[in-house]
Amino acid sequence: MNSQDFLRQSDGLDSKTRYHKTIWRTIHTDPPLLVGVSLLCGFGLFVLFSASGGDVPVVQRQALTMVVGLVVMFIVAQFNVHFFRQWAPTLYAAGLGLLALVLVVGVEANGAKSWLDLPGLPSFQPSELMKFVVPMQMAWYLASRPLPPRFKHLFWSAVMILVPAGLIIVQNDTGTAIMVTMSGIFVVLLAGIRWRIVIAGFIALLLASPAWYIFLAQEHQKNRILTFWDPYRDPTGAGYNIIQSQIAIGSGGIYGKGYGEGAQSHLDFIPESNTDFILAVLAEEFGLLGILFLILMYLFVLIRGSYIAYAANDMFSRLLAGSITLTFFFYVFVNMAMVSGLLPVIGLPLPLMSRGGTSVVTLFIGFGLLMSIQTHGRSKSI
Amino acid sequence: MAGKWQLKDHEAERAMFSRRLVVAAVFVLLLFAALIMKLVILQVSQYDYFSARSDGNRLHSQYVPPARGLIFDNRGKLLADNQPIFNLTIVREQVEDLEVTLDYLDTLIDLSDDEREQFANRLRRNRVPFSSVPLRYVLSDAEKSRVAVNSYKLPGVAIEPQFVRQYPLAELTAHSIGYVSEINRTELDSLDDEERENYGGTNHIGKTGIERTYEDLLHGTVGYEIVEKNNRGQVMRRLDRTDPIAGKNISLYLDSQLQIAAEAALGDFRGAVVAIDPNTGGILAMVSKPGFDPNLFVTGISSKNYGVLVTDNINTPLFDRSTNPYPPGSTVKPFLGLGGLHHELVDYEFTIEDPGYFRLPGVSYRWGDYTLRTAIGGGHGHTDLQKAIYQSCDTFFYDLGNRMGIDTMHGFMSQFGFGQNFAVDINYARTGVLPSRDWKRATRGEPWYPGDTINSSIGQGYMWATPLQLATAASIMANKGKVIQPRMLKAVDGVPYEPVINDPVADVVVNDPDYWRYIEESMSMVVHRAYNDVFREYGTAYEAIAMADREMPYKMAGKSGSAQVVGISQEIMQSEDINVSDLNKDHALFISYAPAENLSIKPQIAIAVFVENGEHGSSVAGPIAKAVTDAYLLDILQIDFAALNSGGDELLSLVDE
């Protein structure tokens, strides 16, 4: 709301550092985050080249997507975070409107009716927007109320999370619905919801899950869960992906088979080797060391995100930055756990590694928001 | 708005947020730790297991079938070749809808129902997943290109080259060489584990003839290939290879030129010709007519073609006449006569007065003389052994056989291979019957009657012999008792082959070696004794052989025979009014060897000719034996008898080599 530039000039740092900071400040970019994300992008393209069997056009298209993502990130970062705070309710309402519109005139692709093809605009998925609009809305709602939130506020928070999530489930896109829900829940958790409510909710979820399994779960969802417990109940059908993926990871050993030498992926034993299961390719070719290296890069981005949340000036920025960072972690963890057999198979890509379009751009919008929080209206900085 | 802000304690909220951030960080680290533990389990503890699984996924050992050994005749002409063909094969696992694919292929290459059924049968057999199963053997160039052009619509369908057997002489060697055909379940089951492994990559196995007898030599040893296959079963690269060892090339004694001549000599008759080189035992020709095209069997005979072959009850092309027995008739007479001399039942001076029939003492039944089916009637009159042979006098042999008795007859005749298979490597040949008291009791449960001996003494009754046995006996006769067992295989990979005979047959030894000369002279008279003024003192085959070719440069020892098919009285056979069906006519036989009675050169070829329903041994079978002998001695060996007879010793040595 009010610029802190005058305060910063008196913080006693030498002129050279100040000059650098000023440059980055001016273009609203956070260098550590940019470095972390760029490293991940580079490594992702490197692995994709091998996973796609040296398919240069595929890698080029993915690189182009990443460049578009970076540009979007820069644009988002130029806006002051308070701008988003002001517009959060409006964006949220518009998002709900688009989700409702999708139900009427949506276009179906890959079994999910989630695309909107409006005249004059490129086709896009409104559910994708909700991944950052929902946490924005939650942060706006809870930041202006006394924390920890009261029960009444929690109730409305739940409504604000579940309405869009429900609309997305109706579109038959459970994966995105889970992500949107989690991004909202992370805000509530960070806002200091009492532990006993969290534990009670967790227990309620556990108790409800059998009922869900029996009455609500669809056949393919039940299958995925059964397959998770025993992949060998249908080794050539439902269990095939996870069995082949585990073979690829396990046979990679500590040091891996070498770049481009992954037999499992190059002989097409791993399905979805360019997208959801790209971790199996990496694990096979670079071994345990390769995965540890990747986790370290993710950790670097996560630590920077957490720091931005910690150092943010106001509660809206903290909650938003915290939620974006945790959602990013959630993405990474769920995909890795699923590919290694720690969780049932859920169709989620590995951020910045898997091939993909819109979801990549969504990620960069998240990084743009983090940069905006870090570079606008900050009194102290590193 | 301002009122709400007043309720907030910013510092407390900030501290609370920071604590939550720390809790979140702890969760993140714990979850990453769990993930890393899972990865350590997979990549370190279970590395060996998954590494093996990965190799098992991609590495496949596949068989490389050996090339089947070639079969050559005795002068290097190919009798069985391997020729490349292009097969249309299908990998079942790669075809989405088999019916649709087959229907589409039908529009390209016209599949018959028969082919579809055979293909379904092949699919049903136990097979390795992702292996290709032949749909059609032998694609024409046009078909090949039609399939190739549309291959993008035909996943799982491929054109694969393969070497298959090809028999250049086709029908001529159908029985003697035999054929290979697709290996079947029963044959696979009969192999032991090691052999089955060796047949892992082989589609074909020898079914009959030489192909079957020498299957072990011809097949070779299977090779192996380690290949890397992708998820769709396509071979991506070859990693290791153990070359197969090709089957051995074998050479036979069979002479394809003589085989062709023998088949041609049979003309339109059904029958068999077996020719043996008495010096080596090598089978020079072995023809059974009619034959069939063995090439049809190699790539799977259609049920229509097969139906034609099996339903022809008259020609029975699949039946090998050369190794199946018939009553030998009078062709046994020279052997029986030799036995009479050896056992001193007759000598050179012994004669009978032949009234034209024989009667056992005290029995009213007359055994007629089958050879005298002429209008003249009566008997041969004053007859010695020599005349009994060249005139084929039944009465003489009735008397001799009767005095000899079945036990002595069985003992003597068995030395010539009757009732046994002397052949070294024709194990499928039948043994015929050389009857004895024991044999009759065992098979008929009846005692031996004196009348049975009478029938046996002219090669009728219970006595049965194959053309191969008759040729063998003739070659022993030509060798003056020395037994060289008949054989097909001459050399393996160019190295002369000496078979291991566990139980060799002893030579035939007679009291006086001059008996051999005497019998040879008698058999020579069968062919060469000309008509003269004396009643019935010419050779039975003179008219058909020596008189038909007055320029015949060599002498041939022979003996004709006729075998009764059904009992038809002589009156009916001779009647002009009644037509006897061709199928009821006697079988005609002739045995011979040549050159005979030649001091400069030993006999080079012994022959047995069998003509089904040929009626007359001397006039039908005899000329066939003559033609085959001519072909061998004059055309193939090109013996210059004029020079030989003038005493050219060097020529003799040439022939012996």
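Going line by line, the protein sequences match chains A and B.
So in this note's numbering, the last spot in the first sequence is 382, and the numbers never skip.
So in this note's numbering, the last spot in the second sequence is 1039, and the numbers never skip.
Ideal Cβ placement from N, Cα and C applies to all residues, glycine included.
Shortest Cα-Cα distance from ARG911 (chain B) to any of B:ASP889, B:LYS941, B:SER433 and B:GLU569 involves B:LYS941.
For the set B:LEU487, B:VAL991, B:ALA928 and B:ILE989, the Cα lying nearest the Cα of LYS526 (chain B) is the one of B:LEU487. Within chain B, the C-beta atoms nearer than 9 Å to that of GLY287 (chain A) come from GLN425, in chain order.
Excluding sequence positions up to five before and after PHE329 (chain A), its CB lies within less than 8 Å of the CB of TYR298 and LEU302, all in the same chain and listed in chain order. Close partners of LYS420 (chain B) in chain A (Cβ separation under 8 Å): ALA337, SER340, GLY341 and LEU342.
Here THR375 (chain A) is buried: its Cβ has 16 or more other Cβ atoms, across all protein chains shown, within 10 Å.
Between the C-alpha atoms of HIS266 (chain A) and ARG518 (chain B) there is a straight-line separation of about 33 Å.
Between GLY252 (chain A) and PHE409 (chain B), the alpha-carbon positions lie close to 28 Å from each other. Chain-ordered listing is empty here: chain A has no CB closer than 8 Å to the CB of GLN444 (chain B), the nearest sitting near 16 Å.
Ranked by Cα distance from ALA556 (chain B), the first of B:LYS589, B:ALA415 and B:VAL609 is B:LYS589. Exclusion of the five residues before and after GLY721 (chain B) leaves PHE794 as the residues of its chain whose Cβ lies within less than 6 Å of its Cβ. Annotated as proximal: PRO707 (chain B) and ARG812 (chain B), with beta-carbon spacing under 8 Å.
Within chain B, SER436, ASN439 and ARG440 have C-beta atoms less than 9 Å from the C-beta of GLN264 (chain A), given in sequence order. In the DSSP assignment, GLY761 (chain B) falls outside any alpha helix (DSSP H), carrying neither H nor E.
Contact check for TYR975 (chain B) against ALA860 (chain B) passes: the beta carbons are separated by less than 8 Å. Taken in chain order, the members of the region 600 to 630 of chain B whose beta-carbon sits within less than 8 Å of a beta-carbon on chain A are GLU610, LYS611, ASN612, ASN613, ARG614 and MET618. Short of 6 Å from the beta carbon of VAL656 (chain B), and not among the five residues preceding or following it, lie these beta carbons of its own chain, in chain order: MET668, SER704, PRO849, LEU850, ALA853 and ALA990. Against chain B, the beta carbon of MET315 (chain A) has neighbours under 9 Å at LYS390, HIS392, GLU395, ARG396 and PHE399, listed in chain order. Proximity of ILE249 (chain A) to chain B, defined by a Cβ-Cβ separation below 8 Å, is satisfied.
For ILE642 (chain B), the enclosing alpha helix (DSSP H) stretches over residues 638 to 647. By the rule that beta-carbons nearer than 8 Å mark a contact, PHE333 (chain A) touches chain B.
For THR733 (chain B), DSSP records a beta bridge to B:ASP766.
Here DSSP, grouped into helix, strand and coil, assigns TRP749 (chain B) to strand.
Contact check for TYR561 (chain B) and GLU593 (chain B): beta-carbon distance about 6 Å, within the 8 Å limit, so the pair qualifies.
The residue from B:VAL815, B:TYR810 and B:THR777 with its alpha-carbon nearest to that of HIS792 (chain B) is B:VAL815. For ALA415 (chain B), no Cβ of chain A is located within less than 8 Å of the residue's own Cβ. Boundaries of the beta strand (DSSP E) around MET668 (chain B): 665 to 671.
Under the three-pair Cβ rule at 8 Å, the region 47 to 56 of chain A does not count as touching the region 66 to 75 of chain A. The DSSP-derived three-state label of ALA63 (chain A) is helix. DSSP, read as helix, strand or coil, puts ALA978 (chain B) in coil.
Rounded to the nearest whole angstrom, the C-alpha separation of THR1011 (chain B) and LYS630 (chain B) is 32 Å.
Here DSSP, grouped into helix, strand and coil, assigns PHE501 (chain B) to helix. Distance from the CA atom of GLY290 (chain A) to the CA atom of ILE242 (chain A), rounded to whole angstroms, is 20 Å.
When the Cα atoms are used, ALA211 (chain A) and VAL198 (chain A) turn out to be separated by approximately 20 Å. By the Cβ test, the region 639 to 647 of chain B is in contact with the region 999 to 1014 of chain B, since at least three Cβ pairs between them sit closer than 8 Å.
Per DSSP, ASP30 (chain A) has no beta-bridge partner at all.
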